[in-house]
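Visitor: This structure is in structure tokens; I'll ask about it shortly.
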């Protein structure tokens, strides 16, 4: 077993040097980490699981990476190895990102970006890496489903001074302020995205399209009391019926308040606050 | 009030510019001020002596431009287009933004048709884009677009420079508001007093009834 | 002070803050 382990590790090294990531991962995953015959220490097991997950992630293979990160999650809580723990966190965030659980990924990327130590073990944490993590957090938040949860994360990011220095800041600002995003801005944002973030979905929209359409729909709900399907479609750059469908799903999921009049082909954006409550909300006028 | 904070520095800057420039370069200062995307107030600049002294000179027409931006609308410009210097796109946009503020002074509900006519916009999409991008997103106006009723409901509009004759109306509105508030407070006080009195009377009546019941029980 | 006048003008334009039958009923 000892010899097989050494051979496998050496072969994996070779595959890695040739950038054959998945093959390297497969080579290492053949090592029996759970065998009762040999006692392998927890740190070694953790390092192998994380290493395999990282290799699979190089090929954007979230499924296999997740399998090994899940194994690692049983070991990481007892681990004192700071470098491994950090690598585990980064893998986890990337897996969530690949699986399009964008809000969760954003929160994990954000936590990574807030690391204060500049040296963990032998690894130096440079500012660029932290900036990348922060940018990834912003990107994932923007791609996440529009709604109250996303709004909270957006607020956190927007108020973080570090974000104002990022290249992605202008779009973050617009998304946070719930402003309509125009095509040139969306195209510029798209250039910074990875393949899975622009992947085609069953409804023939890409991940990016859907995020942008939902955001713009929510922005429209702040500007309009009501809008026709046709105008909404024109605003969102999609067919009127698709606009209606997306709006109805968002209303159904309670991510947007409103109602749809299919007879008149209008969407009414509702603020169903009671009259007296609305009047009370104007109390600030007296202060002014 | 955000608008005032945002433009306070700009006003200071252009007032200083107006103080420090000679007559020949003041038209450029005026064009720069009226083209600036964040400046919507011009009274302070108009009040600078260097500017008022342009009247009667060959640059007098630029004072008219400044006056137009302080109090006028896009329609006013069109009526005087031969007399006034041609405007750059930034000035045209600014004047149209200011026109919306003027319309909002007298009406809270602005019909699309009137806006399209006044702003020389040919279709609803173009009008709404203008109201969204140039008015709402620039923070000078807050409101809701109503496509069914074809109107723009204004909730907030930044204040334009005041004309002297507007002051009296403002004072009257403030007095009326203050009087209504006072009357309402008096009315509420009266209602409280009435409620208290009623409550006392009810308690007394309750006690009378109970006393009579007691007396009746004893005598029987 | 021009700035103050503009602010007051803007403030007054917001009145009345609500105008609807439903509000009148609730208010009364």
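Protein chains in written order, with the working numbering: chain A, 1 to 288; chain B, 1001 to 1220; chain C, 2001 to 2028.
Ideal placement from N, C-alpha and C gives every residue a C-beta, glycine not left out.
A quick note: this is a predicted structure, and the numbers were derived from the prediction, not measured.
1. Enumerate in chain order the residues of its own chain whose CB-to-CB distance from residue 1088/B is below 8 Å, with the five nearest sequence positions on each side excluded.
2. Hey, does residue 1124/B have any beta-carbon neighbour from chain A nearer than 9 Å?
3. Comparing C-alpha positions only, which one of 134/A, 26/A, 252/A, 13/A sits nearest to residue 147/A?
4. In three-state DSSP terms, what is residue 273/A?
5. Pick from 225/A, 202/A, 179/A, 194/A: whose alpha carbon is nearest that of residue 214/A?
6. Under 9 Å, do residue 90/A and residue 112/A count as touching if we go by C-beta distance?
7. Using a beta-carbon distance below 9 Å, is residue 270/A in contact with chain C?
8. For residue 1147/B versus residue 1124/B, is the C-beta spacing smaller than 9 Å?
9. Determine whether the Cβ of residue 1108/B lies closer than 9 Å to any Cβ atom of chain C.
10. Straight-line CA distance for residue 1033/B to residue 276/A?
11. Hey, could you find the ends of the alpha helix (DSSP H) residue 134/A is sitting in?
12. Which parts of the region 207-264 of chain A are runs of the alpha helix (DSSP H), unbroken and 4 residues or longer, counting only runs that do not cross its ends?
13. Below 8 Å on C-beta distance, what does residue 179/A contact in chain B?
14. Which of the three DSSP states is assigned to residue 2014/C in this structure?
15. Taking buried to mean at least 16 other C-beta atoms within 10 Å of its own C-beta, is residue 1094/B buried or exposed?
16. Using the three-state DSSP reduction, which class does residue 1021/B fall into: helix, strand or coil?
17. Under 8 Å from any heavy atom of the ligand GDP, does the C-beta of residue 175/A make it?
18. In chain B, which residues lie less than 7 Å from residue 2015/C when you measure between Cβ atoms?
19. For the region 201-229 of chain A, enumerate the residues whose C-beta is nearer than 7 Å to any C-beta of chain B, in chain order.
20. Please look up how many angstroms separate the CB atoms of residue 176/A and residue 143/A, rounded, as I've assumed it's under 8 Å.
21. Would residue 42/A and residue 83/A qualify as a contact pair, given that the criterion is a beta-carbon distance under 9 Å?
22. With the cut-off set at 9 Å, would you say residue 57/A and residue 100/A are in Cβ contact?
23. Let me check understanding here. Comparing Cα to Cα, which of 1079/B, 1040/B, 1022/B, 1017/B lies closest to residue 1005/B?
24. Runs of 3 residues minimum, wholly inside the region 30-112 of chain A: which ones carry the beta strand (DSSP E) assignment?
25. So, helix, strand or coil for residue 1141/B, using DSSP?
26. For residue 229/A, which residues of its own chain have a beta-carbon under 8 Å away from its beta-carbon, when the five flanking residues on both sides are left out?
27. Comparing C-alpha positions only, which one of 1038/B, 1037/B, 1063/B, 1137/B sits nearest to residue 1047/B?
28. Using alpha carbons as the reference points, say which of 1150/B, 1122/B, 1083/B, 1084/B lies closest to residue 1112/B.
29. Return the CA-CA distance between residue 278/A and residue 1122/B, expressed in angstroms with no decimal places.
30. Work out the CA separation of residue 1060/B and residue 1106/B for me, nearest whole Å.
31. Determine which residues of the region 157-169 of chain A have a Cβ less than 9 Å from any Cβ of chain C, and write them out in chain order.
32. Which of the three DSSP states is assigned to residue 266/A in this structure?
33. Along the chain, where does the beta strand (DSSP E) containing residue 1153/B start, and where does it finish?
34. Quick test of the definition: if touching needs 3 or more C-beta pairs under 8 Å, does the region 103-110 of chain A touch the region 128-144 of chain A?
35. Is it right to say residue 21/A is buried, meaning 16 or more other beta carbons lie within 10 angstroms of its own, or is it exposed?
36. Could you tell me if residue 1145/B is buried or exposed, where buried requires 16 or more neighbouring beta carbons within 10 angstroms of its beta carbon?
Guide: If we stick to the structure as given:
1. Excluding the 5 residues flanking it on each side, residue 1088/B has same chain C-beta neighbours closer than 8 Å at 1031, 1035, in chain order.
2. Judged by the 9 Å Cβ criterion, residue 1124/B is in contact with chain A.
3. Among 134/A, 26/A, 252/A, 13/A, the Cα nearest to that of residue 147/A is on 252/A.
4. The DSSP-derived three-state label of residue 273/A is coil.
5. Minimum Cα distance to residue 214/A is reached at 179/A.
6. Taking 9 Å as the Cβ cut-off, residue 90/A and residue 112/A qualify as a contacting pair.
7. By this cut-off, residue 270/A is not an interface position.
8. The beta carbons of residue 1147/B and residue 1124/B sit closer together than 9 Å.
9. By this cut-off, residue 1108/B is an interface position.
10. Roughly 43 Å between the two C-alpha positions.
11. From DSSP, the alpha helix (DSSP H) with residue 134/A extends over 127-143.
12. Here the runs fully enclosed are 207-223, 229-236, 240-252.
13. Residues of chain B whose Cβ lies closer than 8 Å to the Cβ of residue 179/A are, in chain order, 1137.
14. Per DSSP, reduced to three states, the secondary structure at residue 2014/C is coil, with no helix or strand assignment.
15. Around the beta carbon of residue 1094/B, 16 or more other beta carbons lie within 10 angstroms, which makes this residue buried.
16. Three-state result, residue 1021/B: coil.
17. The ligand GDP is absent from the structure shown, which contains no ligand whatsoever.
18. The answer, in chain order, is 1177.
19. Taking 7 Å as the Cβ-Cβ cut-off against chain B, the residues of the region 201-229 of chain A that qualify are 223, 224, 225, 226, 227, 228.
20. Distance from residue 176/A to residue 143/A at the Cβ level is roughly 14 Å; contact not present, criterion being Cβ atoms closer than 8 Å.
21. With contacts defined as CB atoms closer than 9 Å, residue 42/A and residue 83/A fail to qualify as a contacting pair.
22. No, these two residues do not count as a Cβ contact at 9 Å.
23. Checked all of 1079/B, 1040/B, 1022/B, 1017/B; the closest Cα to residue 1005/B is 1040/B.
24. Listed in chain order, there is nothing to give.
25. The three-state secondary structure of residue 1141/B, taken from DSSP, is strand.
26. Same-chain partners within the cutoff: 240, 241, 243, 244, 265, 266, 267.
27. Nearest C-alpha to residue 1047/B: 1063/B.
28. Taking each of 1150/B, 1122/B, 1083/B, 1084/B in turn and checking the Cα distance to residue 1112/B, the smallest one comes out for 1150/B.
29. So the alpha carbons of these two residues sit roughly 35 Å apart.
30. Cα to Cα, residue 1106/B sits roughly 31 Å from residue 1060/B.
31. Taking 9 Å as the cut-off between beta carbons, none of the residues of the region 157-169 of chain A comes near chain C.
32. Residue state for residue 266/A is assigned as strand, using DSSP reduced to three classes.
33. According to the DSSP assignment, residue 1153/B belongs to the beta strand (DSSP E) that extends over 1151-1157.
34. As far as the Cβ criterion goes, the region 103-110 of chain A touches the region 128-144 of chain A, which means the pair count is three or higher.
35. By the Cβ-count criterion, residue 21/A is buried, with 16 or more other Cβ atoms from all chains shown falling within 10 Å of its own Cβ.
36. In this structure residue 1145/B is buried. Its beta-carbon is surrounded by 16 or more other beta-carbon atoms within 10 angstroms.
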